[in-house]
Amino acid sequence: MSFLQLIHVNKHYVANGNVIIALHDLNLDVERGEFVVLLGPSGCGKTTLLQIVAGLEPASSGEVLLDGRPITRWGAERTLIFQQPNLFPWLTAEENVAFGLRMAGIAAGERLRMARQALERMGLSEVGHLYPHELSGGMQQRVALARALVLDPQVLLMDEPLAAVDALLRSRLQREIRATCTGKTVLFVTHSIREALILADRVIILSPQPGHVRREIPLDGAAPRALSAELVRLEEEIEQEMATDSDATRPRS
Amino acid sequence: MGIKKDNKPQILGPYLGEKRPICQHAELQRWLLPLALAILWECAARFALAEPLLLQPLTRVLGRGWHLLWSGRLLGDLAASAWRVFLGFGLALMIAIPGGIALGLYPPLERASALLLSALRPLAPPAWIPLAILWFGIGDAPAVFIIFVGTCSSLLVGTLAATKAVEAQWVKTALTLGANRRQAVRHVILPSLMPALLTQARIGLGLAWMCVIAAEMVAVRRGVGFFMMEARNLFRTEDVLVGMMAIAIVGLSTDRLLLGLEHRLCRWRAGLDPARLYATPEQPR
Chain A
2 MSFLQLIHVN KHYVANGNVI IALHDLNLDV ERGEFVVLLG PSGCGKTTLL QIVAGLEPAS
62 SGEVLLDGRP ITRWGAERTL IFQQPNLFPW LTAEENVAFG LRMAGIAAGE RLRMARQALE
122 RMGLSEVGHL YPHELSGGMQ QRVALARALV LDPQVLLMDE PLAAVDALLR SRLQREIRAT
182 CTGKTVLFVT HSIREALILA DRVIILSPQP GHVRREIPLD GAAPRALSAE LVRLEEEIEQ
242 EMATDSDATR PRS
Chain B
867 MGIKKDNKPQ ILGPYLGEKR PICQHAELQR WLLPLALAIL WECAARFALA EPLLLQPLTR
927 VLGRGWHLLW SGRLLGDLAA SAWRVFLGFG LALMIAIPGG IALGLYPPLE RASALLLSAL
987 RPLAPPAWIP LAILWFGIGD APAVFIIFVG TCSSLLVGTL AATKAVEAQW VKTALTLGAN
1047 RRQAVRHVIL PSLMPALLTQ ARIGLGLAWM CVIAAEMVAV RRGVGFFMME ARNLFRTEDV
1107 LVGMMAIAIV GLSTDRLLLG LEHRLCRWRA GLDPARLYAT PEQPR
């Protein structure tokens, strides 16, 4: 039995009297310690999928199991990292990292020590006392990552965490994320094919309207991987495949 | 940078990244208009451009104010008004802020109260005076009641709007970091509301001073509003003006006090930090 299982998951919304099907009969198994990347164009329901696993939204039907137990609501064992760092602006970087520990009732001295350690691992030991608006975008996202990792979650959910950082920083952060998440079960959402191929143990390609699994690509070798000729070929192949159902060619229903 | 850089303020400047006006005339600019108005006032009254009954010279008004201040009369009335503001506005804060947050957090409550709130809001504070006198007679109670009803609905609506404007993503982030609903309210909603609540308090306090004067013109025997009405009945124009200036000065200083509190409590807000506000514009990057 897989660690994280999505079984016949459906999700629909009603908006302005129209039923919009976000996810249709989606099945997905993620093994413990696996780094799975969900790849797809906007509107394919990948964010919805993460929100369901995070427990912030219920599925309309189907089952989501973590370690065999159904997911009923949110919890720190399934931490979600968003595209925006979402640091709390009234807390310093250190206090932000300590936030989840505080919610868990860990004593002030102990959680501060853990927060400092987590920041140090991200190479941010200098900025602990600064407020978020004093940090650059890349630093903010690293603090957000530290804030999630310090809780040692069973599953780490990442919703396009690098979409808002510039290209140079992006490839560096990709490596950092992969290095710091070694051994963790990760569900990572992106619409960048290259990012998926560099980071993933397995890529799941989603198709839009309604969102469903189009193809699974297991990748060999240790990630993060260097861009080989073979990988570039695969990138082009996927790009062509995805172009056929990109939502740019269809009206939004 | 190719664009000409000088310290001259321009129209649209704030949108084009122009920093605070740190020209050497900034302080002068602040006082220019009040000073001009004071001189105009003084001249108009002195050189008989206006009927003395209608306008007394500023210097005489100030002198009269000084005298009233030391005789204790003005302070007594100010204290009476301030006490009513404290009671009425304090009560409104205690009810409207938790109430507004509750309405914002729980949509059924908001739906249930929306009609009532929209209907009550256009009722200006003076519209409550007849009822206040019928219910509470003469004294502090009707004035306190009018301040309360006059500020409560505006505070409630402002707090509600601020609560609904809290970033949904912050709340979701807190939840996936293991917070329960109560913790999310305590550790995310409340701290993020702080700046908006202080702004609401500042607006409300100004409103409360308007209410107290209106209330004191009819229903009481003490207070700045009563002092002004009495002065009018005795044709003491300078006393009417002293009353108005006293209200303006008290209002300005309490507003500044709250503004200082806002800076102190909400230093985390970018751009609100006084050190940043008054930083020199030319800083090497």
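The listed protein sequences derive, respectively, from chains A and B.
Take the first sequence: its letters are residues 2 to 254, numbered as in our numbering.
Take the second sequence: its letters are residues 867 to 1151, numbered as in our numbering.
We put the CB at the ideal spot given by N, CA and C, even for glycine.
Taking Cβ-Cβ distances shorter than 7 Å, what residues in chain B pair up with residue i?
i, result
"residue 80/A", "1042 and 1043"
"residue 85/A", "1035"
"residue 55/A", "1042"
"residue 132/A", "1134"
"residue 101/A", "1043 and 1044"
"residue 5/A", "What residue 5/A touches in chain B: nothing, since even the nearest Cβ is about 15 Å away."
If you check the beta carbons only, do residue i and residue j fall under 8 Å apart?
i, j, result
"residue 49/A", "residue 24/A", "yes"
"residue 1024/B", "residue 991/B", "no"
"residue 166/A", "residue 98/A", "no"
"residue 77/A", "residue 1044/B", "yes"
"residue 238/A", "residue 198/A", "no"
"residue 41/A", "residue 162/A", "no"
"residue 123/A", "residue 143/A", "yes"
"residue 35/A", "residue 221/A", "no"
"residue 91/A", "residue 1020/B", "no"
"residue 146/A", "residue 183/A", "no"
"residue 140/A", "residue 128/A", "yes"
"residue 1116/B", "residue 944/B", "yes"
"residue 112/A", "residue 126/A", "no"
Enumerate in chain order the residues of its own chain whose CB-to-CB distance from residue i is below 7 Å, with the five nearest sequence positions on each side excluded.
i, result
"residue 55/A", "75, 79, 81 and 158"
"residue 29/A", "7, 205 and 214"
"residue 149/A", "80, 82 and 157"
"residue 907/B", "924"
"residue 1086/B", "1004, 1005, 1009 and 1092"
"residue 216/A", "206"
"residue 1120/B", "1071"
Using a Cβ-Cβ cut-off of 6 Å (strictly less than) and excluding sequence neighbours within five positions of residue i, which residues of its own chain qualify?
i, result
"residue 947/B", "1078, 1089 and 1090"
"residue 1012/B", "991, 994, 998, 1077 and 1081"
"residue 219/A", "203"
"residue 171/A", "163"
"residue 101/A", "77 and 152"
Give the residues of chain A in contact with residue i, contact being defined as C-beta atoms less than 8 Å apart.
i, result
"residue 1054/B", "89"
"residue 1065/B", "In chain order: nothing, as chain A lies at least about 16 Å away."
What's the call for residue i, buried or exposed, on a 16-neighbour Cβ count within 10 Å?
i, result
"residue 1147/B", "Note on residue 1147/B: pLDDT 37, under 50, position unreliable in the model; no value is reported."
"residue 1004/B", "exposed"
"residue 179/A", "buried"
"residue 881/B", "exposed"
"residue 879/B", "exposed"
"residue 87/A", "buried"
"residue 933/B", "exposed"
"residue 186/A", "buried"
"residue 1101/B", "exposed"
Determine the chain A residues that contact residue i at a beta-carbon separation under 7 Å, and present them in chain order.
i, result
"residue 1057/B", "91"
"residue 925/B", "Chain A residues near residue 925/B: none, gap ~49 Å exceeds 7 Å."
Once the 5 residues before and after residue i are set aside, which same chain residues still bring their CB inside 8 Å of it?
i, result
"residue 1132/B", "1060, 1061, 1064 and 1138"
"residue 1074/B", "951, 954, 955, 958, 1013, 1016 and 1017"
"residue 1040/B", "1049, 1050, 1053 and 1054"
So for residue i, helix, strand or coil by DSSP?
i, result
"residue 25/A", "strand"
"residue 14/A", "strand"
"residue 115/A", "helix"
"residue 52/A", "helix"
"residue 71/A", "strand"
"residue 233/A", "helix"
"residue 1025/B", "helix"
"residue 59/A", "coil"
"residue 97/A", "helix"
"residue 30/A", "strand"
Chain B partners of residue i, CB-CB under 8 Å?
i, result
"residue 105/A", "1044"
"residue 77/A", "1042, 1043 and 1044"
"residue 152/A", "1043 and 1044"
At 9 Å on the CB atoms, spell out the chain A contacts of residue i, in chain order.
i, result
"residue 876/B", "What residue 876/B touches in chain A: nothing, since even the nearest Cβ is about 27 Å away."
"residue 1049/B", "103 and 104"
Consider the Cβ of residue i: report whether some Cβ of chain E lies at a distance smaller than 8 Å.
i, result
"residue 1030/B", "No chain E appears in this structure, whose protein chains are A and B."
Please list the partners that residue i has in chain B, where partner means a Cβ-to-Cβ separation under 9 Å.
i, result
"residue 148/A", "1039 and 1043"
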